[in-house]
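The structure appears below as structure tokens.
Number of protein chains: 2
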Amino acid sequence: KISNSVIRRLPIYLRLMQLLKVQGITTISSQDMGVRLDMNPAQIRKDLAYFGEFGRKGVGYEVEYLERKLRQILNLDRQINVALIGAGHLGIALSNYARFQSERISIAGLFDADPNKIGLTVGSLVVQNFSELTNMVQTKNIQMGIIAVPAIAAQDVCDSLISAGVKIILNFAPINLRVPKEVVLRNTDFTTELQSLAFYIDE
Amino acid sequence: KISNSVIRRLPIYLRLMQLLKVQGITTISSQDMGVRLDMNPAQIRKDLAYFGEFGRKGVGYEVEYLERKLRQILNLDRQINVALIGAGHLGIALSNYARFQSERISIAGLFDADPNKIGLTVGSLVVQNFSELTNMVQTKNIQMGIIAVPAIAAQDVCDSLISAGVKIILNFAPINLRVPKEVVLRNTDFTTELQSLAFYIDE
Ligand SMILES: NC(=O)c1ccc[n+]([C@@H]2O[C@H](COP(=O)([O-])OP(=O)(O)OC[C@H]3O[C@@H](n4cnc5c(N)ncnc54)[C@H](O)[C@@H]3O)[C@@H](O)[C@H]2O)c1
Ligand SMILES: NC(=O)c1ccc[n+]([C@@H]2O[C@H](COP(=O)([O-])OP(=O)(O)OC[C@H]3O[C@@H](n4cnc5c(N)ncnc54)[C@H](O)[C@@H]3O)[C@@H](O)[C@H]2O)c1
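Chains as they are written, first to last, in my numbering: chain A, 1 to 203; chain B, 1 to 203.
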């Protein structure tokens, strides 16, 4: 089993390959990748070796080939639909942002429980009643869910996502959610970034 | 020089120590830390060894001692003030969230350029005119800045933060900012999380 921290680094390698392609660079060494990403080249080689032999000794990695491979590994070679629960400040910011940033992953449904929010238009989406979730998961083939509701509602929302068939969840609410073993749950917290940046004060 | 990726892991170790303390656990081995964090124990030992000898052979780490040390290393043993630029959807969500989540780091000023936003109350803050930034950085001893404005305005906002004396910046706008060498800039993008989660589709 490949550890989560390896999987979390793959999009960073993919972004770099996309950037290099735009710059017309066709091959790159793990050494050079290490410099550009401020990472250890041995770690990069080890990460990629889990998935196959992509580099050639003395030449490095072929940018286009590695990009294609990383897309396949991350299932980004097909359309991925996401349900975003909570059309509040964070949910609206995330939904507007995702529209522009990621070609293959799209917010297919934006849900809320507040009658004042249901029916609102956010970009190209209309806020739906959360009670419609199960329906939408089926008809839009939704594979992932994002939780952007207050902590007090998060466990209920999480349970509803899972019973509607969603097995991969990105949670923004500050609460430890209980999920069954087969569900992949990732929590995110921007204050962790701030805390690590605090290291650099007074340097 | 310690690499960024080591520094980024430190808040994760700190969170774990805080959690263990609440659970009444007084010591923990790097092995056990590895299991709880889904990380490689050797990596954890190596990370912590950069900063001193914290563990004892056969016993592991003392939870309270390591927590205190990590706080000192991350400068979280004192008050840290942050300027948040952009009182839009994301900025409001971040400012409300930060109020509850992190004891030592607080949003000391929320700024915007839109006259309709200036003067609004968000939690305990009143949205200030961005032109007041330099004043506020001095009077409130602001050490960090968060950019939550559209990409088109982000470079100007970044330049203003730096000329006001802010040297550490967390950027949410989808643009590569140019900053002088002595400024610490970190970009964040939630779609990277989504892309790594896509790996688990169909598993
Ligand atoms: N992880 C981070 O870095 C981070 C950053 C900012 C905010 N947050 C968190 O994100 C969440 C949303 O923040 P916000 O500022 O958008 O809050 P908000 O109050 O503006 O929005 C919350 C939305 O959730 C909806 N909601 C509540 N209960 C619901 C339910 N049962 N089903 C469906 N919708 C429901 C509300 O109607 C509202 O529209 C909060 O939990 C906040 O703590 C996390
Ligand atoms: N990194 C991520 O994961 C992520 C997620 C969501 C949004 N975003 C980005 O965050 C930014 C904010 O998103 P949003 O949804 O809050 O947008 P928004 O339009 O709701 O808010 C932007 C705010 O910035 C203010 N502003 C514009 N120019 C300014 C200037 N020169 N000085 C001060 N304030 C100024 C506007 O008046 C507005 O209030 C966007 O760039 C968006 O792409 C990033």
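Ideal placement from N, C-alpha and C gives every residue a C-beta, glycine not left out.
The structure presented is a predicted model; accordingly, all values stated were derived computationally and were not measured.
query: Any non-hydrogen atom of ligand 1 within 7 Å of Leu185(A) CB; result: no
query: Where Lys69(A) falls, given that 16 or more other Cβ within 10 Å makes a residue buried; result: buried
query: Inter-stretch contact (C-beta, 8 Å, three-pair minimum) for the segment 156-171 of chain A and the segment 73-90 of chain B; result: no
query: Gly248(B): CB within 7 Å of a non-hydrogen atom of ligand 1; result: The requested residue 248(B) is not part of the displayed model; chain B covers only 1 to 203.
query: Buried or exposed by the 16-neighbour rule on C-beta atoms within 10 Å, applied to Asn168(B); result: Note that residue 168(B) corresponds to Ile in the displayed sequence, not to Asn. Buried is the call here.
query: Assumed close pair Val122(A), Asn96(A) - CB separation to whole angstroms, cut-off 8 Å; result: 7 Å
query: Proximal residues of chain B, C-beta to C-beta of Gln195(A) below 8 Å; result: Leu10, Pro11, Leu14, Leu74, Leu76, Ser102, Ile105
query: Leu194(A) to Ile105(B) span [Cα, whole Å]; result: 8 Å
query: Closer than 8 Å at the beta carbon, the chain A residues around Asp175(B); result: Residue 175(B) is actually Ile in this sequence, not Asp. Going along chain A, no residue has its Cβ under 8 Å from Ile175(B), so there is no contact; the nearest lies around 11 Å.
query: Start-to-end residues for the beta strand (DSSP E) that takes in Met144(A); result: 142-147
query: Cβ contact (3+ pairs, closer than 8 Å) linking the segment 9-23 of chain A and the segment 65-79 of chain A; result: yes
query: Cutoff 8 Å; reference Phe130(B); Cβ partners in own chain excluding five residues on either side; result: Ile85, Phe111, Asp112, Ala113, Val157, Ser160
query: Interfacial residues, the segment 82-100 of chain B to chain A, with Cβ spacing under 8 Å; result: Val82, Gly88, His89, Leu90, Ile92, Ala93, Leu94, Asn96, Tyr97, Ala98, Phe100
query: Coarse secondary structure for Ile2(B), derived from DSSP in three states; result: coil
query: Beta-carbon proximity list for Val166(A), same chain, < 8 Å, skipping 5 on both sides; result: Ala83, Val137, Ile142, Gln143, Met144, Gly145
query: Helix, strand or coil at Phe130(B) [DSSP, three-state]; result: helix
query: Residue(s) in a DSSP beta bridge with Glu62(A); result: Thr27(A)
query: Helix, strand or coil at Asn81(A) [DSSP, three-state]; result: strand
query: Three-state secondary structure (DSSP) of Arg247(B); result: Residue 247(B) falls outside the range modelled here, since chain B spans only 1 to 203, and no answer is possible.
query: Extent of the continuous beta strand (DSSP E) to which Arg186(A) belongs; result: 184-187
query: Test: Ser5(B) CB closer than 8 Å to a CB of chain A; result: yes
query: Residue span of the beta strand (DSSP E) that contains Ala108(A), given as start and end; result: 105-112
query: Expected contact under 8 Å - CB spacing of Ile162(A) and Val184(A) to nearest Å; result: So it is not a contact: roughly 11 Å between Cβ atoms.
query: Minimum C-alpha distance to Thr192(A) - residue among Arg56(A), Asp47(A), Gly91(A), Pro174(A); result: Pro174(A)
query: Nearest candidate by alpha-carbon position, reference Tyr61(B), set Pro41(B), Asn171(B), Gln79(B), Arg78(B); result: Pro41(B)
query: CB contact below 8 Å: Val149(A) versus chain B; result: no
query: Contact test: Phe190(A) Cβ vs ligand 1 heavy atom, cutoff 7 Å; result: yes
query: Local conformation of Ile118(B) per DSSP, three classes; result: coil
query: Coil, strand or helix - Arg9(A) by DSSP; result: helix
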